[in-house]
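Residue numbers (the numbering used here): 522 to 1003. Where is the CB? At the ideal position from N, CA and C, for every residue including glycine. Just so we're clear, the structure is a prediction, and the values are computed from it rather than from any experiment. Below is one structure, written out as structure tokens; comments come after it.
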Ligand code: BGP
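Structure, rendered in structure tokens:
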């Protein structure tokens, strides 16, 4: 039926929670796993908060049964997790590692045992280092075949049990942090031309894998997860409204249009051409992107915050390649693109300790925009609050997290009432885990994990936070009781 007849969350709504392999698994060299770009990057001094690594992470690799049991007790409907490419193909291509495949067989079977729908992210940033060494990873078109080969292995092995697939996690973030900000591997700065080419390779890898998945499993549901920050024009000054249009074309539609329409926004390409940075297409790319766009089933949205956009003249602020990674509130600086826009703080909204704007209504705006522009179903694949939590007498009182999630879910419910077809809501994250650049002190989970930045501290024991019991109720009542 085209129009929804019910209000609130649909009956079969997937209440979920999410993680990523590098952030939870640990076992970084266990059972034949290869070295990833992140295994290497975290060892470069100064790259991560207090030099934290995912070597051990929260040891999900060895404790997945305990973690899944906690999910089952909570009543979780779906668990979104990613697969480590290096467990499947230690060298990125070549020999497949059966032990790695088995780990995810076991995890998937464990989830299904409790009726939890597995939602698999094919790529959540941990690329085999061997591919970096062979041909500079995403910079080379060669990665397309290796990615598709890896993805196809997953589709064939798990496609009988996994219905929901996410090809890429936050392509905009891993490429932006990797080639413009120097904060993620390969740590390059302001390399605009490569940044756009890398994105094009990722789009082709995504497109080919979507097409392959649908050939193998036509009933599968697939999309990509985009880090979506809707924007507000600073004020009603026309030049600020135009700055917003530039921002949206270059920062939001550039990715979402690629997934949903199979093309890049025209104004963005014109701008990139003027800088000599437009991506180079191979013959057939356009058709591939269009075909994949016609096949995707949903737009995946990782929603954390909105932003304000103001015109920024040609001599204005650029990016100083920093962000608040310490949790010292108020240390983030205004960043921008000279000649286009800058992003001042929104004085109407509070922020987290890491200076991320808290804007529950933004999640409704994401849904409305996607519904109007693409008319696609939506999977909220991440949403959550990073905070300092305290374990006291085996308990963690996190009313701030409950409040954050409650207000976002209220707005999401309104989006459903507005007619948006929202299929799932995954909080970030299920257990506490490694924050890529912020160590273990920035916590997101419903389940507290006893560990600090230091590899040898903490028992890694699991504790349910207050928010765990709260979300259980939310699931039980299908979002009626918040
Ligand atoms: C998203 C990533 C996640 C996760 C989350 C929180 O961008 O997909 O992997 O890390 O953000 O971010 P952070 O850990 O920086 O607080």
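Practice task
Please indicate yes or no: does the CB of residue 963 lie closer than 7 Å to some heavy atom of the ligand BGP?
Solution key: The count along the chain shown starts at 1 and reaches residue 963 at position 442. It does: the Cβ of residue 963 is within 7 Å (strictly closer) of some heavy atom of the ligand BGP.
Handout entry: The alpha helix (DSSP H) enclosing residue 920, as first and last residue numbers
Key = As a position in the chain shown, residue 920 is number 399, starting the count at 1. Its alpha helix (DSSP H) spans residues 920 to 938.
Problem - Nearest-angstrom Cα separation, counted from residue 703 out to residue 945 - result: Mapped onto the chain shown, residue 945 falls at position 424. Mapped onto the chain shown, residue 703 falls at position 182. Rounded to the nearest angstrom, the two C-alpha atoms are 33 Å apart.
Problem - Sequence ranges, beta strand (DSSP E) only - wholly within the stretch 671 to 708, length at least 3 - result: 685 to 690
Exercise for the section: Kindly indicate which three-state DSSP category residue 730 falls into: helix, strand or coil? Expected result: Reading the chain shown from its first residue, position 209 is the one you call residue 730. Helix.
Exercise for the section: May I ask you to report which of helix, strand or coil DSSP gives residue 1000? Expected result: Here residue 1000 refers to the residue found at position 479 of the chain shown. Residue state, collapsed to three classes: coil.
Handout entry: Sequence-distant residues of the same chain with beta carbon closer than 8 Å to residue 637, five excluded per side
Key = What you label residue 637 is simply residue 116 of the chain shown in a count that begins at 1. Cβ neighbours of residue 637 beyond the five flanking positions: 589, 592, 593, 597, 598, 599, 600.
Practice task
Alpha carbon to alpha carbon, how far is residue 924 from residue 705? Give it in angstroms, no decimals.
Solution key: On the chain shown, residue 705 is found 184 positions in, with the first residue counted as 1. On the chain shown, residue 924 is found 403 positions in, with the first residue counted as 1. Roughly 31 Å separates the two Cα atoms.
Handout entry: residue 694 CB to nearest heavy atom of the ligand BGP below 7 Å
Key = Here residue 694 is taken as the residue at index 173 of the chain shown, counted from 1. Residue 694 Cβ: within cutoff of the ligand BGP.
Problem - Inter-residue CB distance, residue 558 and residue 658 (contact presumed, cutoff 8 Å) - result: Mapped onto the chain shown, residue 558 falls at position 37. Mapped onto the chain shown, residue 658 falls at position 137. Indeed they touch by this definition, with Cβ atoms about 7 Å apart.
Problem - Three-pair Cβ contact test at 8 Å for the stretch 915 to 923 versus the stretch 825 to 843 - result: no
Exercise for the section: Determine, using beta-carbon pairs with one atom in the stretch 628 to 648 and one in the stretch 682 to 690, whether at least three such pairs fall under 8 Å. Expected result: yes
Exercise for the section: Flag residue 797 as yes when its Cβ comes closer than 7 Å to any non-hydrogen atom of the ligand BGP, and as no otherwise. Expected result: Your numbering for residue 797 matches position 276 in the chain shown. Checking every heavy atom of the ligand BGP against the Cβ of residue 797, none is found closer than 7 Å.
Handout entry: Per-residue DSSP class, three states only, for residue 592
Key = Position 71 of the chain shown holds residue 592. Here residue 592 sits in helix by DSSP.
Exercise for the section: Taking all protein chains shown into account, decide if residue 616 is buried (16 or more other Cβ within 10 angstroms of its Cβ) or exposed. Expected result: On the chain shown, position 95 is the one that residue 616 refers to. Under this definition residue 616 is an exposed residue.
Exercise for the section: Check residue 833 in the structure and name its three-state DSSP category. Expected result: Locating residue 833 in the chain shown gives position 312, counting from the first residue. Reduced to three states, the DSSP call for residue 833 is coil.
Exercise for the section: Just mark residue 707 as buried or exposed, buried being the case when its beta carbon has 16 or more other beta carbons within 10 Å. Expected result: If you number the chain shown from 1, residue 707 lands on position 186. Answer is buried; the Cβ neighbour count reaches 16.
Handout entry: Among 991, 677, 950, nearest to residue 579 - alpha-carbon criterion
Key = Numbered from its first residue, the chain shown carries residue 579 at position 58. Nearest of 991, 677, 950 to residue 579, Cα basis: 950.
Exercise for the section: Sort 988, 978, 709, 748 by Cα distance to residue 969 and report the nearest one. Expected result: Along the chain shown, one-based indexing puts residue 969 at 448. If we check each option's Cα against that of residue 969, 988 comes out closest.
Exercise for the section: Given a cut-off of 8 Å, decide if residue 699 and residue 709 are closer than it, judged by their beta-carbon atoms. Expected result: On the chain shown, residue 709 is found 188 positions in, with the first residue counted as 1. On the chain shown, residue 699 is found 178 positions in, with the first residue counted as 1. Yes. Within cutoff.
Problem - residue 828 and residue 530 closer than 8 Å at C-beta - result: Stepping through the chain shown from its first residue, residue 828 is reached at position 307. Stepping through the chain shown from its first residue, residue 530 is reached at position 9. No, they are not a contact pair.
Problem - Proximity of residue 822 and residue 752 at Cβ, strictly below 8 Å - result: Along the chain shown, one-based indexing puts residue 822 at 301. Along the chain shown, one-based indexing puts residue 752 at 231. No, they are not a contact pair.
Handout entry: Limits of the unbroken alpha helix (DSSP H) element including residue 633
Key = Within the chain shown, numbered from 1, the residue matching residue 633 stands at position 112. Its alpha helix (DSSP H) spans residues 619 to 634.
Exercise for the section: Decide if the stretch 775 to 783 is in contact with the stretch 645 to 662; the criterion is three or more beta carbon pairs, one per stretch, under 8 Å apart. Expected result: no
Practice task
Enumerate, from N- to C-terminal direction, the unbroken alpha helix (DSSP H) stretches of 4 or more residues contained entirely within the stretch 812 to 883.
Solution key: none
Problem - Three-pair Cβ contact test at 8 Å for the stretch 570 to 586 versus the stretch 666 to 682 - result: no
Exercise for the section: Take residue 928 as the anchor and find which of 542, 974, 1003 has the nearest alpha-carbon. Expected result: Along the chain shown, read from residue 1 onward, the residue named residue 928 stands at position 407. Cα-wise, what sits closest to residue 928 is 1003.
Handout entry: Complete runs of the beta strand (DSSP E) confined to the stretch 638 to 662 [at least 3 residues]
Key = 638 to 644
Problem - Collapsed DSSP secondary structure at residue 549 in the structure displayed - result: Counted from its first residue, the chain shown places residue 549 at position 28. The answer is coil: DSSP assigns residue 549 none of H, G, I, E or B.
Exercise for the section: Would you kindly check if the distance between the Cβ of residue 690 and the Cβ of residue 541 is under 8 Å? Expected result: For the purposes of this step, residue 541 is taken as the residue at position 20 of the chain shown. For the purposes of this step, residue 690 is taken as the residue at position 169 of the chain shown. Their beta carbons are under 8 Å apart, which means residue 541 touches residue 690 by this criterion.
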